[in-house]
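From first to last, the protein sequence lines stand for chains A and B.
The opening residue of the first sequence carries number 59 in the working numbering; numbering runs sequentially from there.
The opening residue of the second sequence carries number 59 in the working numbering; numbering runs sequentially from there.
Built from N, CA and C at the ideal position, the CB exists for glycine as well.
Remember, predicted model here, so these are calculated numbers, not experimental data.
2 protein chains.
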Amino acid sequence: MRRYDLALIGFGGVNRALAALIVERGEQLFEELGFALRVVAITDLRAGSLVDADGVDLAPLLATTPDELAFADMKGGSRDPRNEWVIREVQADIVAEATFTNPADGEPAVSHVRWALEAGKHVCTTNKGPVALHGRELRELAAQHGVSFEFEGAVLSGTPVLRTARRLLSGLRITGVEGIMNGTSNFVLGRLEDGADFEAAVSEAQDLGYAEADPTADVEGHDVQLKVMILANEVLGADLRREDVVCRGISGITTVDIKDAADKGLRWKLVGSVTRRADGGVDARVEPVALSADHPLVGVSGPVNAVAFRTDLLGTVTISGPGAGPIETAYALLSDIIAIHHAQANGAAASSGHVLEETVHG
Amino acid sequence: MRRYDLALIGFGGVNRALAALIVERGEQLFEELGFALRVVAITDLRAGSLVDADGVDLAPLLATTPDELAFADMKGGSRDPRNEWVIREVQADIVAEATFTNPADGEPAVSHVRWALEAGKHVCTTNKGPVALHGRELRELAAQHGVSFEFEGAVLSGTPVLRTARRLLSGLRITGVEGIMNGTSNFVLGRLEDGADFEAAVSEAQDLGYAEADPTADVEGHDVQLKVMILANEVLGADLRREDVVCRGISGITTVDIKDAADKGLRWKLVGSVTRRADGGVDARVEPVALSADHPLVGVSGPVNAVAFRTDLLGTVTISGPGAGPIETAYALLSDIIAIHHAQANGAAASSGHVLEETVHG
Chain A
59 MRRYDLALIG FGGVNRALAA LIVERGEQLF EELGFALRVV AITDLRAGSL VDADGVDLAP
119 LLATTPDELA FADMKGGSRD PRNEWVIREV QADIVAEATF TNPADGEPAV SHVRWALEAG
179 KHVCTTNKGP VALHGRELRE LAAQHGVSFE FEGAVLSGTP VLRTARRLLS GLRITGVEGI
239 MNGTSNFVLG RLEDGADFEA AVSEAQDLGY AEADPTADVE GHDVQLKVMI LANEVLGADL
299 RREDVVCRGI SGITTVDIKD AADKGLRWKL VGSVTRRADG GVDARVEPVA LSADHPLVGV
359 SGPVNAVAFR TDLLGTVTIS GPGAGPIETA YALLSDIIAI HHAQANGAAA SSGHVLEETV
419 HG
Chain B
59 MRRYDLALIG FGGVNRALAA LIVERGEQLF EELGFALRVV AITDLRAGSL VDADGVDLAP
119 LLATTPDELA FADMKGGSRD PRNEWVIREV QADIVAEATF TNPADGEPAV SHVRWALEAG
179 KHVCTTNKGP VALHGRELRE LAAQHGVSFE FEGAVLSGTP VLRTARRLLS GLRITGVEGI
239 MNGTSNFVLG RLEDGADFEA AVSEAQDLGY AEADPTADVE GHDVQLKVMI LANEVLGADL
299 RREDVVCRGI SGITTVDIKD AADKGLRWKL VGSVTRRADG GVDARVEPVA LSADHPLVGV
359 SGPVNAVAFR TDLLGTVTIS GPGAGPIETA YALLSDIIAI HHAQANGAAA SSGHVLEETV
419 HG
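This is the structure we're talking about:
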């Protein structure tokens with residue numbers, strides 16, 4: 059049997075949900091998937107860091123509220139997150155990165171991913187920044203060190219959008235992608251349709267926990283812009299930078315625009331799209347679009363997000379599901395770990411022929 | 059490099075489209091996917107059979123209309139389809155089965171699949187019957203002979219519904235499935251909403267080539283019933299027989315029903331559903347359901363089909379795409395062949411460690 063030792067970077071909602079999954083269904087996962095998971099290190103900006111080579115006891119940590127959690131008092135603990143040291147030096151097979159990302163340069167997530175790959179560790183991340191802004195460099199780094207770099211959660215949390223495109227649509231040509239990929243904008247546009255004004259709709263989204271204290275990234279399209287870059291670069295093989303993606307958000311949409319659209323049977327949505335040009339290049343943009351009633355994405359609203367792939371042989375294939383949420387995003391990390399396991403099992407098989415009997419740690 | 063030799067059973071729209079794909083993009087497939095495809099035998103009820111161990115020259119066959127195609131006059135040809143002999147005796151790696159299926163016992167497709175698996179050949183089929191009615195037996199037969207049995211095309215043509223459920227949703231619990239899986243019923247219900255009466259809508263569907271000469275299987279729900287059995291048995295691990303699945307079609311829906319629903323903001327759809335009961339068992343049914351405007355499947359109409367998976371960690375994940383069509387279904391066969399290739403590469407790797415250099419035929 060195999061066991062993977064994990065280092066959790068960031069211990070907010072997502073990695074707490076992953077830890078809870080490991081506690082609650084570790085054995086079931088082992089039976090179903092053929093591997094066990096153990097957490098050997100956790101780092102967190104607020105709680106500090108905790109390292110235990112014999113496996114961190116997760117249940118007490120999950121029983122403590124995030125505000126009260128302090129690793130400094132525990133054996134193997136420190137007040138300092140010690141991210142670089144933990145990522146580089148702690149013996150772990152997989153680094154599960156779920157901190158945050160600056161839309162300008164992707165930090166600190168980019169450095170976390172880079173350190174882990176340089177140290178020969180597999181990485182799964184839920185952050186868009188590393189993939190959107192440094193995808194090619196990090197992919198090459200992973201290849202160079204013979205490890206996996208997985209990031210299903212960067213687009214639509216655990217809804218398997220990237221993996222569908224890369225695994226289940228092989229053999230056909232994806233000519234374009236169109237998606238509704240931001241729940242806050244969806245919510246705000248829905249409230250505008252109900253008659254609310256923009257400011258009120260945004261505060262309501264904040265009160266409900268959909269929107270951040272600073273809603274700019276959501277309503278101005280920057281969040282979708284990074285997702286569009288990931289789809290363009292990772293699915294259509296482009297090499298776009300942020301400035302290559304036209305980006306207009308929904309803050310300019312007025313109640314008059316909404317009413318005019320409704321009169322014509324149209325509904326405004328914030329749409330991210332990628333289109334393969336005739337010359338082989340790729341155009342990508344984020345902008346509000348008034349969709350007709352028969353458009354495949356017109357019914358996508360609220361917390362549901364969707365991505366439609368236009369293909370040559372299958373026409374349009376659309377995947378919809380949750381766009382966010384701690385458990386949904388923790389599942390993205392689990393699906394990444396499953397992908398790492400498969401790659402590992404197949405790779406190890408080629409060299410040793412003893413996949414099933416082999417353990418990761420001697 | 060690998061090459062797979064194929065026997066095409068049935069040379070109607072689907073296997074002709076597969077042959078055209080091999081002719082038109084064989085080299086591209088080889089570069090992208092790492093394997094080559096060659097057709098060494100074709101059988102067809104009307105055209106007879108054709109066997110060429112050096113590879114059938116497909117282009118002239120595709121240039122001939124189905125009505126005029128007669129293998130008897132060609133080298134290696136016969137007027138007789140010789141299905142059993144071709145399937146059992148011809149040296150082929152993969153049998154691509156695309157004939158037809160009787161909803162009562164699944165024949166003749168079931169025998170084709172059984173013969174191929176017994177002969178140690180991988181099978182991909184687009185027919186629902188073998189999977190819905192004899193799935194367990196055929197899966198066991200495949201395992202016993204160390205070969206693959208693939209059938210993505212049995213549900214929603216090439217739209218990757220089954221493979222998403224089995225590969226991309228692992229690690230979570232699928233608690234139910236709900237789908238709109240019959241384009242003819244979709245079309246007819248749409249025309250009823252436009253004010254047409256039932257008989258007229260069905261003839262229109264026939265004129266447009268959506269519905270068969272005998273539309274019973276489509277409008278009475280029998281087609282969806284088999285798809286529901288496949289979802290229940292292959293995705294939720296049930297062992298349902300046909301009589302376990304309640305089945306009501308759309309022929310009882312009147313224009314009054316349609317109008318009453320519209321007044322309440324509802325739309326009738328023919329829905330196939332599978333639900334995991336609290337006791338672990340599975341309920342499955344096919345029936346017209348009046349869906350509310352915010353139901354995830356309410357916008358699914360015409361030739362688009364969709365399947366929604368209810369899961370514990372991700373909520374509802376929905377995949378929509380084409381439900382039928384020769385090219386779309388041929389892509390299902392290609393996606394099955396890709397799956398066979400991966401299983402083969404990984405399996406062969408474990409025993410030999412020379413995946414990339416190995417050819418299937420020495």
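- prompt: Is the segment 229-238 of chain B in contact with the segment 367-381 of chain B, if contact means three or more CB pairs nearer than 8 Å?
  reply: yes
- request: Excluding the 5 residues preceding and the 5 following residue 222 of chain B in the sequence, name in chain order all residues of the same chain whose CB lies nearer than 6 Å to its CB.
  value: For this step, residue 222 of chain B is matched to residue 164 along the second sequence. Only 377 meet the Cβ criterion.
- prompt: Fully enclosed by the segment 225-285 of chain A, which alpha helix (DSSP H) runs are 4 residues long or longer?
  reply: Unbroken alpha helix (DSSP H) stretches of 4 residues or longer found wholly inside the segment 225-285 of chain A: 241-251, 256-265 and 274-277, given in chain order.
Own chain partners of residue 158 of chain B with C-beta closer than 8 Å, once the 5 adjacent residues on each side are dropped: For this step, residue 158 of chain B is matched to residue 100 along the second sequence. Counting only Cβ-Cβ distances below 8 Å, and skipping sequence neighbours, we find 68, 166, 167 and 185.
Members of the segment 238-269 of chain A that neighbour chain B once the beta carbon cut-off is set at 9 Å: none
task: Indicate whether the contact test is met: 3 or more Cβ pairs, each with one atom in the segment 200-211 of chain A and one in the segment 298-309 of chain A, closer than 8 Å.
output: no
task: Compile a chain-ordered list of the residues in the segment 60-80 of chain A whose CB is closer than 7 Å to at least one CB of chain B.
output: none
- prompt: Does DSSP put residue 213 of chain B in a helix, a strand or coil?
  reply: As a first step, residue 213 of chain B is located in the second sequence; it is residue number 155 there, counting from the start. The answer is coil: DSSP assigns residue 213 of chain B none of H, G, I, E or B.
field: Beta-carbon proximity of residue 355 of chain B to residue 364 of chain B, cut-off 8 Å
entry: The residue labelled residue 355 of chain B in the question sits at position 297 within the second sequence. The residue labelled residue 364 of chain B in the question sits at position 306 within the second sequence. For the pair residue 355 of chain B and residue 364 of chain B, the CB atoms are nearer than the 8 Å cut-off.
- prompt: Using 8 Å as the Cβ pair cut-off and three pairs as the minimum, do the segment 102-110 of chain A and the segment 126-143 of chain A touch?
  reply: Yes: at least three Cβ pairs fall under 8 Å.
message: Tell me the rounded alpha-carbon separation between residue 421 of chain A and residue 291 of chain A.
response: With chain A covering only 59 through 420, there is no way to say anything about residue 421 of chain A.
query: What residues in the segment 385-396 of chain A have a beta carbon less than 7 Å from any beta carbon of chain B?
result: 385, 386, 389, 392, 393 and 396
message: So if I threshold CB-CB distances at 7 Å, which residues from the segment 138-161 of chain A count as touching chain B?
response: none
- request: Determine, using beta-carbon pairs with one atom in the segment 74-88 of chain A and one in the segment 374-391 of chain A, whether at least three such pairs fall under 8 Å.
  value: The segment 74-88 of chain A is in contact with the segment 374-391 of chain A.
task: Report the three-state DSSP secondary structure of residue 367 of chain B (helix, strand or coil).
output: Translated into the one-based positions of the second sequence, residue 367 of chain B becomes position 309. Assignment of residue 367 of chain B by DSSP, reduced to helix, strand and coil, places it in the strand class.
DSSP state of residue 187 of chain B mapped onto helix, strand, coil: Sequence index remark: in the second sequence, residue 187 of chain B carries index 129 (1-based). Of the three classes helix, strand and coil, the one that applies to residue 187 of chain B here is helix, per DSSP.
message: Which of the three DSSP states is assigned to residue 327 of chain A in this structure?
response: Position 269 of the first sequence, counted from the first residue, corresponds to residue 327 of chain A. Of the three classes helix, strand and coil, the one that applies to residue 327 of chain A here is strand, per DSSP.
Pairwise C-alpha distance: residue 340 of chain A and residue 297 of chain A: As a position in the first sequence, residue 297 of chain A is number 239, starting the count at 1. As a position in the first sequence, residue 340 of chain A is number 282, starting the count at 1. Spanning the two alpha carbons is a distance of roughly 9 Å.
field: residue 411 of chain A versus residue 92 of chain A - alpha carbon distance
entry: Position 353 of the first sequence holds residue 411 of chain A. Position 34 of the first sequence holds residue 92 of chain A. Here the model assigns residue 411 of chain A a pLDDT of 30, short of 50, so the residue's position is not dependable and the matter cannot be decided.
- request: Using a Cβ-Cβ cut-off of 8 Å, state whether residue 87 of chain B counts as contacting chain A.
  value: Within the second sequence, residue 87 of chain B is the residue found at index 29, counting from 1. Residue 87 of chain B counts as touching chain A.
field: Under the three-state DSSP convention, the category residue 65 of chain A falls into
entry: Against the first sequence, residue 65 of chain A aligns to sequence position 7. Three-state result, residue 65 of chain A: strand.
query: Using a Cβ-Cβ cut-off of 8 Å (strictly less than) and excluding sequence neighbours within five positions of residue 273 of chain B, which residues of its own chain qualify?
result: Residue mapping note: residue 273 of chain B aligns to position 215 of the second sequence, counting from 1. 242, 260, 263 and 264.
- prompt: Residues in the segment 292-304 of chain B with C-beta within 9 Å of chain A's C-beta atoms, listed in sequence order?
  reply: none
query: In this structure, does DSSP put residue 162 of chain B in helix, strand or coil?
result: Mapped onto the second sequence, residue 162 of chain B falls at position 104. Here residue 162 of chain B sits in coil by DSSP.
message: For a cutoff of 8 Å on Cβ pairs, would you count residue 288 of chain B as touching chain A?
response: Walking along the second sequence from the start, residue 288 of chain B turns up at place 230. Answer no: the Cβ-Cβ gap between residue 288 of chain B and chain A never drops below 8 Å.
- request: Closer than 8 Å by C-beta to residue 129 of chain B: which residues in its own chain qualify, once you throw out the five before and the five after it? Chain order, please.
  value: As a working mapping, residue 129 of chain B is identified with position 71 in the second sequence. 100, 102, 105, 106, 107, 108, 135, 136 and 137, listed in sequence order.
- prompt: Which value, in whole angstroms, describes the spacing of the CA atoms of residue 150 of chain B and residue 63 of chain B?
  reply: As a working note, residue 150 of chain B is residue 92 in the second sequence. As a working note, residue 63 of chain B is residue 5 in the second sequence. Between residue 150 of chain B and residue 63 of chain B, the C-alpha separation is close to 5 Å.
message: Less than 8 Å between CB atoms is the rule here; does residue 377 of chain B satisfy it with respect to chain A?
response: On the second sequence, residue 377 of chain B is found 319 positions in, with the first residue counted as 1. Yes, contact with chain A.
field: Own chain, CB closer than 7 Å to residue 312 of chain A, minus 5 neighbours either side, in chain order
entry: As a first step, residue 312 of chain A is located in the first sequence; it is residue number 254 there, counting from the start. Taken in chain order, the list of residues that qualify is empty.
message: Counting beta carbon pairs with one atom in the segment 346-361 of chain B and one in the segment 340-349 of chain A, are three or more of them shorter than 8 Å?
response: no
task: Please classify residue 380 of chain A: does DSSP put it in a helix, a strand, or coil?
output: Start at 1 with the first residue of the first sequence, and residue 380 of chain A comes out as number 322. Of the three classes helix, strand and coil, the one that applies to residue 380 of chain A here is strand, per DSSP.
- prompt: Along chain A, which residues have their Cβ under 9 Å away from the Cβ of residue 346 of chain B?
  reply: On the second sequence, residue 346 of chain B is found 288 positions in, with the first residue counted as 1. Residues of chain A passing the Cβ test: none, with the nearest at roughly 20 Å.
- prompt: Helix, strand or coil: how does DSSP classify residue 70 of chain A here?
  reply: In the first sequence, counting from the first residue as 1, residue 70 of chain A sits at position 12. Note: residue 70 of chain A maps to coil in three-state DSSP.
field: Helix, strand or coil at residue 297 of chain A according to DSSP, with G and I counted as helix
entry: Residue 297 of chain A sits at position 239 when you count from the first residue of the first sequence. Note: residue 297 of chain A maps to coil in three-state DSSP.
field: Within-8 Å CB hit, residue 226 of chain B to chain A
entry: Working through the second sequence from its first residue, we reach residue 226 of chain B at position 168. Yes, residue 226 of chain B counts as interfacial toward chain A.
- prompt: For chain E, is any of its Cβ atoms less than 8 Å away from the one on residue 90 of chain A?
  reply: In summary, chain E is missing from the structure at hand, where the protein chains are A and B.
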